[in-house]
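*Asks:*
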Amino acid sequence: MDPGDLSQPESSLPAVAALPDSDPDPQALLLARQREYKAAALSAKRAGDLDRARELMRIGKRFGTVLEALEKGQPVDLSGMPPAPEDLKALPQASEASAATQVLSPAVEQMQPVMSSDLPATPAAPAEPKTVLDALQQRLNRYREAGIQARASGDERKARMHDRIAKQYQDAIRAHQAGRKVDFAELPVPPGFPPIPGLEPRKDTEEDSVTATLAAAQKLASEDTALVDEDEERDTPAQAPLAKKPAQPLVPSSHLLNEPKASSSKESLSPSVREQVTLLEARKLQYQRAALQAKRRQDLEQAKSHLRVAKSLEAQIIQARAGQPIDLSKVPSPLTDEEGDFILIHHEDLRLSQKAEEVYAQLQKILLEQHEKCLLFSKQFMHQGNVAETTRFEKLAEDRKKQLEILQLAQAQGLDPPSHHFELKTLQTVRIFSELNSTEMHLIIVRGMNLPAPPGVTPDDLDAFVRFEFHYPNSDQAQKSKTAVVKNTNSPEFEQVFKLNINRNHRGFRRVIQSKGIKFEIFHKGSFFRSDKLVGTAHLKLERLEKECEIREIMEVLDGRKPTGGKLEVKVRLREPLSSQDVQMVTENWLVLEPRGL
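Position 560 of the sequence shown, counting from 1, maps to 560 under UniProt numbering, and the rest follow consecutively.
(1) What's the gap between the Cα of Thr-391 and the Cα of Thr-426?
(2) Answer yes if the segment 437-455 comes into contact with the segment 404-424, meaning at least three C-beta pairs across the two stretches below 8 Å, and no otherwise.
(3) My output table needs one value for Gly-566: the three-state DSSP class, helix, strand or coil.
(4) Mind listing, in chain order, the continuous alpha helix (DSSP H) runs of no fewer than 4 residues lying wholly within the segment 373-416?
(5) Compare the Cα-Cα distances from Pro-194 to each of Val-132, Asn-490, Glu-550, Glu-145 and report the closest residue.
(6) Specify the secondary structure class of Arg-552 as computed by DSSP and reduced to three states.
(7) Short of 7 Å in beta carbon distance, which residues of its chain neighbour Gly-566, apart from the five on each side in sequence? Order them along the chain.
(8) Does the Cβ of Glu-548 have 16 or more other Cβ atoms within 10 Å, making it buried, or fewer, making it exposed?
(9) Report all residues from its chain with a CB closer than 6 Å to the CB of Tyr-143; omit the five preceding and five following residues, and keep chain order.
(10) Per DSSP, what kind of secondary structure is His-306 in: helix, strand or coil?
(11) Just the C-alpha distance for Glu-423 and Leu-568, rounded to the nearest angstrom, thanks.
(12) So, at 6 Å on beta carbons, what are the nonlocal neighbours of Gln-584 in its own chain, with the 5 sequence-adjacent residues on each side left out?
(13) Could you tell me the distance, in whole angstroms, from the CA atom of Leu-542 to the CA atom of Leu-376?
(14) State the DSSP-derived secondary structure class of Thr-278, mapped to helix, strand or coil.
(15) Any idea if Thr-483 is buried or exposed, counting beta-carbon neighbours within 10 angstroms, 16 or more meaning buried?
(16) Is the CB-CB distance between Ala-464 and Pro-417 below 8 Å?
(17) How long is the line joining the alpha carbons of Gln-138 and Pro-126, rounded to whole angstroms?
(18) What number of angstroms, rounded off, separates the C-alpha of Leu-136 from the C-alpha of Ala-41?
(19) Buried or exposed for Ile-317, going by 16 or more other Cβ atoms inside 10 Å?
(20) Can Ala-39 be considered in contact with the ligand ATP, in the sense that its beta carbon sits closer than 7 Å to one or more heavy atoms?
(21) Can you tell me whether Lys-562 is buried or exposed? The criterion is at least 16 other CB atoms within 10 Å of its CB, across all chains shown.
(22) Taking the beta strand (DSSP E) that Glu-521 belongs to, which residues open and close that run?
(23) Between Leu-187 and Ala-172, is the Cβ-Cβ spacing less than 8 Å?
(24) Quick one: measure Cβ to Cβ for Gln-581 and Gln-384, integer angstroms, because I've assumed they're closer than 8 Å.
(25) So, at 7 Å on beta carbons, what are the nonlocal neighbours of Lys-516 in its own chain, with the 5 sequence-adjacent residues on each side left out?
(26) What is the DSSP secondary structure of Asp-582, reduced to helix, strand or coil?
(27) Quick one: what does DSSP say Met-449 is sitting in, helix, strand or coil?
(28) Along the chain, where does the alpha helix (DSSP H) that runs through Ser-481 open and close?
Structure follows, in structure tokens:
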């Protein structure tokens, strides 16, 4: 059919611009006509005709959908292409829309309602969904529409963001249909949409404001991710910003409908669970604030890392409220001073005397040491599962940090050091070596002191090393090793750590602890023609490991049963005692800064 002989529609559309007789390039024609509409819209805007400019831009944007369809190999009918902008002046608005939509193929028309209808800034609330699946599908459609609309307006970053959310909803729908658990709290909610059936709507609480703060940090972090190539983003969707990625395993909807009722308020929780939830919420808030601070410092990697930790804590909070047990030893530790929580303001025009600077330095050193101790004690109690003491020491650490901030601010402002005093504070702590696991015991051979030298060797020529035997799991399979040789001294510093394999609940291990201990032999290293010479032995008893997690002993070095005057210092450590907790009372000189007078 000759394009120049196209019949006019009944609405008396003006003739569409004639196409060349030769085979046209549809993409070139569409791009050229789209540029004409954009140029005409710009001209109308400069002339002050904003209504016509908006109408021309709407028609011009619709060419993008047709071009996408053309790139995908879908059929496109160019006979309905809108006429040139100058031929559109006499057309009523309805005819313009009709002419603009005739160009779309059946495959593209499925997307046309999104493109042809202008989505209002605040879309009308959709119909109340009857099932969870209906609600998820409504939200999925809304984000798909928003993504297509953003792409048509040229905002690729926003389009990719909406596409990621749509993908998140697609995964949730598939999981829900498969009967797996879905954490609906992780799914973004479009404005004005009703809650998912069966779930209670969220109440306005302080937690909601925290969530809004986190969302702002996540949005800022996602702007950095938008700089990544689109191709890389398609190849590795798992690297999308954390805020758009479901963090929870998915659950059957039947289970989820009952869960919020059991966990919607803290009043329904037992006291121990309530303590756990309070601790986890405080820890999550700390990481959220740290994420925002890192973002303000342009440290995006640190911000994303803190957001991931906050997300993992949110998952543990949900588990705790649902009555599931929480392993407190795996809860992320509170942030330390290295995370950059302290505020320090520099005033270069202010100067303090040398004495004042020394006082400030000493006070800051004391506060930092006390802050680190509180964090250490908190971590120890957390590994024991003691929520009350963990929270207590975290509050003490927070107080030390606030005092340090006050001190740093006063120093930055050039003020004299504040008045202060010390109070005796007795703290009950539980000792634990959390870096050790329950299947290992550490033996540290620290040093020898005034070790005897064999005949013919002066003390300054002693080349000493220590060999030990630990008869576990049995005498035939005893664990043996030795230190390196320390030359030319009778007081060698070894400082070597040996990891011994144990089974705390094995009867053979308990028997070795109670009766055999560890045997040590001190040797003088021989030469090529001379063998090593034994200079003394020592024996370490291990019964104290029943109630203590560390034994430190300075043992007498014996020649047979005869003391030689030499000493050997060793340490043995377990993660925690075998039978009870290693409770210790610590007395601290607690620094107290006195408030300044008005």
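Beta carbons: idealized from backbone N, C-alpha and C, even for Gly.
*Replies:* Walking through what the data contain:
(1) Near 17 Å, if we compare the C-alpha coordinates of Thr-426 and Thr-391.
(2) No: the two stretches stay apart, fewer than three of their Cβ pairs being nearer than 8 Å.
(3) DSSP places Gly-566 in strand when its eight states are reduced to three.
(4) Complete alpha helix (DSSP H) runs here, min 4: 387-412.
(5) Nearest of Val-132, Asn-490, Glu-550, Glu-145 to Pro-194, Cα basis: Val-132.
(6) It is a strand residue.
(7) Cβ neighbours of Gly-566 beyond the five flanking positions: Gly-448, Met-449, Asn-450, Leu-451, Pro-452, Gly-536, Val-557.
(8) With 16 or more other Cβ atoms within 10 Å, it is buried.
(9) Non-local beta-carbon contacts of Tyr-143 in its own chain, meaning distances under 6 Å to residues more than five positions away in sequence, involve His-162, Ile-165, Ala-166 in chain order.
(10) Collapsing the DSSP output to three states places His-306 in a helix.
(11) Straight-line Cα distance between these residues: approximately 39 Å.
(12) Excluding positions up to five away in sequence, the list reads Thr-429, Arg-431.
(13) Each residue's Cα considered, the two are about 26 Å apart.
(14) Of the three classes helix, strand and coil, the one that applies to Thr-278 here is helix, per DSSP.
(15) Buried.
(16) Against a cut-off of 8 Å, the Cβ pair of Pro-417 and Ala-464 comes out as no contact.
(17) Going by the C-alpha atoms only, they are around 8 Å apart.
(18) Near 38 Å, if we compare the C-alpha coordinates of Ala-41 and Leu-136.
(19) Label assigned to Ile-317: buried.
(20) For the structure depicted, the ligand ATP is absent and the ligand set is empty, with no information on it obtainable.
(21) Of the residues assessed, Lys-562 falls on the exposed side of the cut-off, its CB having fewer than 16 other CB atoms within 10 angstroms.
(22) 518-524 is the extent of the beta strand (DSSP E) around Glu-521.
(23) Going by beta carbons, Leu-187 and Ala-172 fall inside the 8 Å limit.
(24) Between the beta-carbon of Gln-581 and that of Gln-384 there is about 7 Å, and that keeps the pair under the 8 Å contact cut.
(25) Closer than 7 Å at the Cβ level, and outside the excluded window around Lys-516, lie His-471.
(26) Here Asp-582 sits in strand by DSSP.
(27) Residue state, collapsed to three classes: strand.
(28) Unbroken run through Ser-481 is the beta strand (DSSP E), 479-482; no alpha helix (DSSP H).
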